[in-house]
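Going letter by letter, the sequence shown gives residues -24 to -1, 1 to 152 in mature numbering (1 follows the signal peptide of the UniProt record, and there is no 0).
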Amino acid sequence: MKLFSLLSLILIITLSSCSTVRVASDYDKQADFNTYKSFAFYKPGIDKAEISDLDKKRILRAIEADMTSKGFAKSANPDVLVSIFTKTKENVNIYQNNFGWGYGWGWNPWFWGTGYNTVSTTTEGTLYIDLIDASKKELVWQGMGSAALTKNVNKKQEKMNEIVTAILEKYPPQEQ
């Protein structure tokens, strides 16, 4: 339970810090994305995501709003199933300020300057959104977005919306 809470906190922090979201997507080139008009959430996949139920709700609300704005209808008999999963990693940043070096060879405590080190950590979260062809039960599109997490609890839904929107901008895929 503590691991689950820690992962939830990490995701919240990652999803609410800076506004930069790095996104990528991949898709099945054989899929006809014009035939997909309705969606439903794939509960078995969503249940496996290691984040809090509150964060899942925030992400699913954001996905539902974005899919609806793209013309999809939520349905009990959908064309595509939507699933999510998450990953987190911690980044350690070290800033070394070595100003005021002493003179001569070696170290001398009386002539050493005001050098100091600052260590900070940031947590980066990655959200994957999978679209699965409901009739074939095959993955047809996957979008991924990574962003730094923050501790600002009041901006969680706003950050989730930003990340989901950035990911789903890649759907439907454009041939290059």
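Cβ atoms here follow ideal geometry from the backbone N, Cα and C, with glycine treated the same way.
C-alpha gap between residue i and residue j, whole angstroms
i: T141; j: A25; result: 19 Å
i: K131; j: D23; result: 24 Å
i: G80; j: S96; result: In this predicted model, G80 has a pLDDT of only 49, less than 50, meaning its place in the structure is not dependable; the value taken from the coordinates is given anyway. Their Cα atoms are separated by approximately 32 Å.
i: Q6; j: V116; result: 9 Å
i: R37; j: T98; result: 26 Å
i: G21; j: E66; result: 24 Å
i: E114; j: T62; result: 20 Å
i: L68; j: A124; result: For clarity, residue 68 is Val in the given sequence; the question names Leu instead. Those two C-alpha atoms are separated by around 12 Å.
Beta-carbon proximity of residue i to residue j, cut-off 8 Å
i: Y3; j: I108; result: no
i: L57; j: A(-1); result: no
i: I105; j: I39; result: yes
i: I60; j: L103; result: yes
i: E138; j: V(-4); result: yes
Cβ neighbours of residue i in the same chain (closer than 6 Å, five flanking residues each side left out)
i: L144; result: D42
Host alpha helix (DSSP H) of residue i (start-end)
i: L30; result: D29 to S45
i: E114; result: Run containing E114: none in the alpha helix (DSSP H); it sits in the beta strand (DSSP E), E114 to A124.
i: A142; result: K132 to L144
Extent of the continuous beta strand (DSSP E) to which residue i belongs
i: A7; result: Run containing A7: none; DSSP gives neither H nor E here.
i: A16; result: S14 to F17
The segment 114 to 123 / the segment 33 to 47 touching (three or more Cβ pairs under 8 Å): Counting Cβ pairs under 8 Å, fewer than three are found: no touch.
Cβ pair count under 8 Å reaching 3, the segment 48 to 62 against the segment 143 to 150: Contact fails: fewer than three Cβ-Cβ distances are below 8 Å.
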